[in-house]
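Residue numbers (my numbering), protein chains in the order written: chain A, 566 to 678; chain B, 566 to 678. Every residue gets a Cβ at the ideal spot worked out from N, C-alpha and C, and that includes glycine.
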């Protein structure tokens, strides 16, 4: 049974020039035999951000903790724990921590990206 | 931009004989144009439970709030906010609220189920 606190999942720093203070945990996906999609848990430290980028697949996002903002196709929207977000394929987007605590969110992507 | 608190998503009671005090919100999916999968937010009231069932598709689950337990192929594991769970296709499973507050979890499924 793959049931565990997300903090027990191995945490890896996202190493990209356009990313600041972000880690990723793969909560469920191909390693568990999942045929279709992968659930990742991201932690963005205060002042950190994900890349300002786009890609040909979608994101489905749930904000578990903290405060931040989503930039989406040039528009900015504040988010906090309990917000959901959909990022369409090819939409330019970025997530930024604007708070004083870690921003923790779930981001689901198709397998094989 | 589809970015909003999950509580602003329309909430529907899950009407099944084997379900007790559960609601579902479709946070992101085909209505937003998502090609592959759907993120739902479930709220289980204290004492409530999801069906004890199985189906040919997977679940990827994140527990956002509350306390409960997952039964999976006859084994039971306690869960609370921040736990993740993977349910394989055809595995028998049930989620039960064993706490005094709402149990809120995200459950992702393939489209077209």
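Cβ of residue i within 8 Å of any chain A Cβ
i              : result
residue 708(B) : Since the displayed chain B opens at 566 and closes at 678, residue 708(B) lies outside it and no answer follows.
residue 678(B) : no
residue 577(B) : no
residue 647(B) : yes
residue 607(B) : no
residue 666(B) : no
residue 629(B) : yes
residue 625(B) : yes
is_contact[residue i, chain B] using C-beta, thresh 8 Å
i              : result
residue 642(A) : yes
residue 659(A) : no
residue 587(A) : no
residue 584(A) : no
Simplified DSSP assignment, three categories, for residue i
i              : result
residue 571(B) : helix
residue 643(A) : strand
residue 595(A) : helix
residue 633(B) : strand
residue 678(B) : coil
residue 588(B) : strand
residue 620(A) : coil
residue 566(A) : coil
Same chain, Cβ closer than 7 Å to residue i, five either side skipped, listed in chain order
i              : result
residue 597(B) : 567
residue 665(A) : 611
residue 576(A) : 588, 590
residue 648(A) : 628
residue 571(A) : 590, 592, 606
residue 638(B) : 656, 657
Close Cβ partners of residue i (< 6 Å) along its chain, the five nearest in sequence each way excluded
i              : result
residue 675(B) : 602, 622
residue 636(A) : 659
residue 644(B) : 628, 633, 635
residue 613(A) : 585, 586, 587, 662
residue 668(A) : 609, 631, 633, 662
Heavy atom of the ligand MN within 7 Å of residue i beta-carbon
i              : result
residue 602(A) : You won't find the ligand MN in this model; it holds no ligand whatsoever.
Per-residue contacts from residue i into chain B (C-beta, under 9 Å)
i              : result
residue 675(A) : 600, 601, 602
Cross-chain neighbours of residue i in chain B, by beta carbon under 8 Å
i              : result
residue 620(A) : None at all; the shortest Cβ gap to chain B is about 13 Å.
Amino acids of chain A, ordered along the chain, whose beta-carbon sits closer than 7 Å to that of residue i
i              : result
residue 614(B) : Those within 7 Å of residue 614(B) in chain A number zero; the least Cβ separation is about 16 Å.
Close-in-space but distant-in-sequence residues of the same chain around residue i (CB under 8 Å, 5 per side omitted)
i              : result
residue 593(B) : 567, 599, 603, 604
residue 574(A) : 590, 591, 592, 606
residue 595(B) : 603, 676
Worksheet item: Contact between the region 665-672 of chain B and the region 613-628 of chain B: three or more CB pairs below 8 Å?
Response: Judged by Cβ distances under 8 Å, the region 665-672 of chain B makes contact with the region 613-628 of chain B, as three or more pairs qualify.
Practice prompt. Please confirm if the region 653-667 of chain A is in contact with the region 578-585 of chain B, defined as three or more CB-CB distances below 8 Å between the two stretches.
Written response: With a cut-off of 8 Å on Cβ pairs, the region 653-667 of chain A is not in contact with the region 578-585 of chain B, counting fewer than three such pairs.
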